[in-house]
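Q:
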Amino acid sequence: MDRDHDLVGPPGTPSLLRAINDRTALRLLADRGPLSRTQLGALAGLSKPTASQLMDRLEAAGLVEAVLDAEPAHVNGSAGRTARRYRLRGAAAHVAGLDVTAARIVARVCDLSGRPVGEATLVTPGRSASGTVDRVREALTAACATAGMDISTLHHVVIGIGGAIDPGTGRLGFARHLPGWHESDLLARLRAELTAPGLPDPRVDVENDVNLVAVAEQTIGAGQGARDVVVLWVAEGIGAAVIIDGKLHRGATGGAGEVGYMPVPGAPVVRSIGRGTTGGFQALAGGPAVLKLARQHGFTGADPQSAVARAVEAIAAPAPAPVAVQQAARRLLTELADRLATGLAPIVAVLDPELIVLTGAIPRSGGAPLRELVAEALHGMAIPRPRLVESALADNPVLAGAIHAALAATREAVFDTSAGTPVPA
Numbered sequence: 023m024d025r026d027h028d029l030v031g032p033p034g035t036p037s038l039l040r041a042i043n044d045r046t047a048l049r050l051l052a053d054r055g056p057l058s059r060t061q062l063g064a065l066a067g068l069s070k071p072t073a074s075q076l077m078d079r080l081e082a083a084g085l086v087e088a089v090l091d092a093e094p095a096h097v098n099g100s101a102g103r104t105a106r107r108y109r110l111r112g113a114a115a116h117v118a119g120l121d122v123t124a125a126r127i128v129a130r131v132c133d134l135s136g137r138p139v140g141e142a143t144l145v146t147p148g149r150s151a152s153g154t155v156d157r158v159r160e161a162l163t164a165a166c167a168t169a170g171m172d173i174s175t176l177h178h179v180v181i182g183i184g185g186a187i188d189p190g191t192g193r194l195g196f197a198r199h200l201p202g203w204h205e206s207d208l209l210a211r212l213r214a215e216l217t218a219p220g221l222p223d224p225r226v227d228v229e230n231d232v233n234l235v236a237v238a239e240q241t242i243g244a245g246q247g248a249r250d251v252v253v254l255w256v257a258e259g260i261g262a263a264v265i266i267d268g269k270l271h272r273g274a275t276g277g278a279g280e281v282g283y284m285p286v287p288g289a290p291v292v293r294s295i296g297r298g299t300t301g302g303f304q305a306l307a308g309g310p311a312v313l314k315l316a317r318q319h320g321f322t323g324a325d326p327q328s329a330v331a332r333a334v335e336a337i338a339a340p341a342p343a344p345v346a347v348q349q350a351a352r353r354l355l356t357e358l359a360d361r362l363a364t365g366l367a368p369i370v371a372v373l374d375p376e377l378i379v380l381t382g383a384i385p386r387s388g389g390a391p392l393r394e395l396v397a398e399a400l401h402g403m404a405i406p407r408p409r410l411v412e413s414a415l416a417d418n419p420v421l422a423g424a425i426h427a428a429l430a431a432t433r434e435a436v437f438d439t440s441a442g443t444p445v446p447a
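Residue numbering for the sequence shown follows the working numbering, beginning at 23 and increasing consecutively.
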């Protein structure tokens, strides 16, 4: 009996059923890599004839391609025919992700399968408020050039930046450190300048960088499978991202997770936030505060993360440091953990997440010793007891999140065979 009906639920038109089956198959190929027709049919709940027709249809549309296994299949102990499996055809579409800071723009290009094919870094010295669109185009053009392609062939671009777009006004907020990114029509200009004729508009998105870190954690990192997650980024600045019921929560003005100026015990309360005054969580546990704290305990470095790393090494190195140095290191890590827990406690009290992911340069340098101390301190301050984990993402997590966000949008468009002919290569 054909099991396709079980997959799609209520009866529908043949074209609708084909579209649903096509999208299911393409998602499986995207998530699980090369699959044979038999494997795909079993995973999707399709009969063998239907699975075979589906793969023929997707191959003809240029969305999948056959891959020969290096080793032949073995049947009853003897070598059989080489298995024919299928994967997404990467060349069917290309996306780009950008990580923007005040000092540089990193751009990466990937194909539909997620394989990186080009990357470039554009140094942006100075604080010029002009030429923002030109700099973005220059970085993208350079990344595309390393891939041997033109910028006009990109299907979707996601730009990660230390701020948030207000959906009501289109303006970027929380980003005084990025001159040139605050014009009210900037997003429209980016879309107009970077969108090639014949491709859907919009195809350019600007997203908060920590939100993109959360996307990466949810997709390929420590947040996989969790429904309610808080990602806390601690580096020079502090930011958070919130995932509720599996979905990224941006807030009414895009500012959810902007916790840097959040009032916390032990730090001045910011009274005139629009004037750029210091205080709040940032003044307690941001990069400058952590470096100052580390120096007070006798640990120096070019930046806060290197100073924290020295403290961890004093405790965990194969050749232990002198007892006095170890004691100083423990005091530093304990006080730093207490400061981080002080900021996390109100977040946990309000959201009651199942998981907290600690990431950014400072938690990475603190590693497991710092994470364990944060968990201990937090569990003494808040009734909910979420699990705390360190980020396992080795690559640039902002860039990884931007690529995954762009891929998700592009795959939705490319996989939507019910809308007509798939997006061509």
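We put the beta carbon where it would ideally sit given N, CA and C, even for glycine.
Go ahead and label Gln-318 buried or exposed: buried means 16 or more other beta carbons lie within 10 angstroms of its beta carbon, across all protein chains shown.
A: Position 296 of the sequence shown, counted from the first residue, corresponds to residue 318. Under this definition Gln-318 is an exposed residue.
Q: Mind checking whether Leu-380 and Leu-362 have CB atoms under 9 Å apart?
A: Residue mapping note: residue 380 aligns to position 358 of the sequence shown, counting from 1. Residue mapping note: residue 362 aligns to position 340 of the sequence shown, counting from 1. In this structure, Leu-362 lies closer than 9 Å to Leu-380 by Cβ.
Q: Confirm, please, whether the CB-CB distance from Ala-114 to His-199 is below 9 Å.
A: Taking the sequence shown and counting its residues from 1, the one referred to as residue 199 is at position 177. Taking the sequence shown and counting its residues from 1, the one referred to as residue 114 is at position 92. Not closer than 9 Å, so no.
Q: Can you grab the Cα-Cα spacing for the pair Val-30 / Pro-326, in whole Å?
A: Here residue 30 refers to the residue found at position 8 of the sequence shown. Here residue 326 refers to the residue found at position 304 of the sequence shown. Low local confidence applies: a pLDDT of 43 at Val-30 is under 50, so the model's placement there is unreliable, with the coordinate-based value given in what follows. Roughly 54 Å between the two C-alpha positions.
Q: Please go through the same chain and pick out, in chain order, the residues whose beta-carbon is closer than 6 Å to the beta-carbon of His-204, but skip the five residues on each side of it.
A: Within the sequence shown, the letter at position 182 stands for residue 204. Counting only Cβ-Cβ distances below 6 Å, and skipping sequence neighbours, we find Leu-194.
Q: Alpha carbon to alpha carbon, what distance is there between Thr-72 and Asp-53?
A: Sequence index remark: in the sequence shown, residue 53 carries index 31 (1-based). Sequence index remark: in the sequence shown, residue 72 carries index 50 (1-based). Each residue's Cα considered, the two are about 21 Å apart.
Q: With distance defined between alpha-carbon atoms, name the residue in Pro-138, Ala-167, Pro-340, Gly-202 nearest to Ser-152.
A: Translated into positions along the sequence shown, residue 152 becomes position 130. That would be Gly-202, whose Cα lies nearest to the Cα of Ser-152.
Q: In chain order, what residues of the same chain lie with their CB nearer than 6 Å to the CB of His-178, ignoring the 5 residues before and after it?
A: Residue 178 sits at position 156 when you count from the first residue of the sequence shown. The answer, listed in chain order, is Val-117, Arg-225, Ala-428, Ala-431, Thr-432.
Q: From which residue to which residue does the beta strand (DSSP E) around Glu-335 run?
A: Here the question's residue 335 lines up with position 313 in the sequence shown. First-last for Glu-335: 326-338, but that is the alpha helix (DSSP H), not the beta strand (DSSP E).
Q: Pull up the DSSP beta-bridge partners for His-271, would you.
A: The residue labelled residue 271 in the question sits at position 249 within the sequence shown. Paired residues: Val-264.
Q: So, is Ile-173 buried or exposed, given that buried needs 16 or more other C-beta atoms within 10 angstroms?
A: To locate residue 173, count along the sequence shown from 1; it is residue 151. The residue in question, Ile-173, is buried, as its Cβ has 16 or more Cβ neighbours within 10 Å.
Q: Using the Cα positions of Ala-210 and Leu-216, report the straight-line distance between them to the nearest angstrom.
A: On the sequence shown, residue 210 is found 188 positions in, with the first residue counted as 1. On the sequence shown, residue 216 is found 194 positions in, with the first residue counted as 1. So the two alpha carbons sit approximately 10 Å from each other.
Q: Per DSSP, what kind of secondary structure is Ser-58 in: helix, strand or coil?
A: Your numbering for residue 58 matches position 36 in the sequence shown. Note: Ser-58 maps to strand in three-state DSSP.
Q: If you follow the beta strand (DSSP E) that Pro-419 is in, where does it begin and where does it stop?
A: For this step, residue 419 is matched to residue 397 along the sequence shown. Per DSSP, Pro-419 belongs to no beta strand (DSSP E); it is in the alpha helix (DSSP H), 419-437.
Q: Quick one: residues in its chain with C-beta nearer than 8 Å to the C-beta of Asp-250, no 5 flanking neighbours on either side, listed in chain order?
A: Position 228 of the sequence shown, counted from the start, is the residue given in the question as residue 250. So the qualifying residues of the chain are Ile-265, Ile-266, Asp-267, Leu-373, Asp-374, Pro-375, Glu-376, Leu-377.
Q: Does the distance from the CB of Ile-181 to the CB of Glu-229 come in under 9 Å?
A: Position 159 of the sequence shown holds residue 181. Position 207 of the sequence shown holds residue 229. Against a cut-off of 9 Å, the Cβ pair of Glu-229 and Ile-181 comes out as a contact.
Q: Quickly, what does DSSP pair Ala-118 with across the bridge? List them, please.
A: As a first step, residue 118 must be located in the sequence shown, where it is residue number 96. Val-131, Val-179, per the DSSP bridge assignment.
Q: For Ile-187, does the count of other Cβ atoms within 10 angstroms reach 16, so buried, or fall short, so exposed?
A: Translated into positions along the sequence shown, residue 187 becomes position 165. That one is buried.
Q: With distance defined between alpha-carbon atoms, name the residue in Val-86, Gly-67, Ser-37 nearest to Val-436.
A: Here residue 436 is taken as the residue at index 414 of the sequence shown, counted from 1. Minimum Cα distance to Val-436 is reached at Val-86.
Q: Quick test of your reading: Asp-121 and Ala-424, contact by CB under 8 Å. State the CB separation rounded to the nearest angstrom.
A: To locate residue 121, count along the sequence shown from 1; it is residue 99. To locate residue 424, count along the sequence shown from 1; it is residue 402. Yes, they are in contact, since the Cβ atoms of Asp-121 and Ala-424 sit about 7 Å apart, within 8 Å.
Q: If you draw a straight line from the alpha carbon of Lys-314 to that of Ile-384, how long is it in whole angstroms?
A: Against the sequence shown, residue 314 aligns to sequence position 292. Against the sequence shown, residue 384 aligns to sequence position 362. About 13 Å.
Q: Is the stretch 287-294 touching the stretch 399-413 in the sense that three or more CB pairs, one from each, lie closer than 8 Å?
A: The stretch 399-413 vs the stretch 287-294: no contact.
Q: Let me know the secondary structure DSSP gives Leu-200 once reduced to three states.
A: Counting from 1 along the sequence shown, the entry for residue 200 is found at position 178. Coil, per DSSP.
Q: Closer than 9 Å, CB to CB, is Gly-119 near chain B or not?
A: No chain B is part of this structure, which consists of one protein chain only.
Q: Is it buried or exposed for Gly-365, if we count other Cβ within 10 angstroms and need 16 for buried?
A: Along the sequence shown, read from residue 1 onward, the residue named residue 365 stands at position 343. That one is buried.
Q: Just to confirm my understanding: we take His-271, look at its own chain, exclude 5 residues before and 5 after, and list those with CB closer than 6 Å. What are they?
A: Residue numbering aside, residue 271 sits at position 249 when the sequence shown is read from its first letter. The answer, listed in chain order, is Val-264, Ala-278.
Q: What does the Cβ neighbour count give for Arg-472, buried or exposed, with the cut at 16 atoms within 10 Å?
A: Given a span of 23 to 447 for the chain in the structure shown, any question on residue 472 remains unanswerable.
Q: For Leu-254, which residues in the same chain have their Cβ closer than 6 Å to its Cβ, ignoring the five residues on either side in sequence?
A: As a working note, residue 254 is residue 232 in the sequence shown. Correct list, in chain order: Ala-262, Leu-380.
Q: Note down, in chain order, each residue of its chain lying with its Cβ closer than 8 Å to the Cβ of Val-347, except the 5 sequence neighbours on either side.
A: Taking the sequence shown and counting its residues from 1, the one referred to as residue 347 is at position 325. For Val-347, where only same-chain residues beyond five positions count, the Cβ hits under 8 Å are Gly-320, Ala-336.
Q: Could you name the residues that DSSP lists as bridge partners for Ala-88?
A: Translated into the one-based positions of the sequence shown, residue 88 becomes position 66. BP columns for Ala-88 point to Tyr-108.
Q: Please classify Ala-324 as buried or exposed, where buried requires at least 16 neighbouring CB atoms within 10 angstroms.
A: Translated into the one-based positions of the sequence shown, residue 324 becomes position 302. By the 10 Å Cβ count, Ala-324 comes out exposed.
Q: Going along the chain, which residues of its own chain have a beta-carbon closer than 6 Å to the beta-carbon of Asp-227, five neighbours each way excluded?
A: Taking the sequence shown and counting its residues from 1, the one referred to as residue 227 is at position 205. So the list reads Val-180, once near-sequence residues are dropped.
Q: Could you name the residues of the same chain whose beta carbon sits closer than 7 Å to that of Ala-248, not counting the 5 residues immediately before and after it, in chain order?
A: Against the sequence shown, residue 248 aligns to sequence position 226. Cβ within range, chain order: Glu-376, Leu-377.
Q: Quick one: give me the first and last residue of the beta strand (DSSP E) that Ile-378 is part of.
A: Within the sequence shown, the letter at position 356 stands for residue 378. 377-381 is the span of the beta strand (DSSP E), which, as asked, contains Ile-378.
Q: Note down the Cα distance separating Ala-305 from Ala-311, rounded to an integer number of angstroms.
A: For the purposes of this step, residue 305 is taken as residue 283 along the sequence shown, with counting starting at 1. For the purposes of this step, residue 311 is taken as residue 289 along the sequence shown, with counting starting at 1. Cα-Cα distance, rounded: 6 Å.
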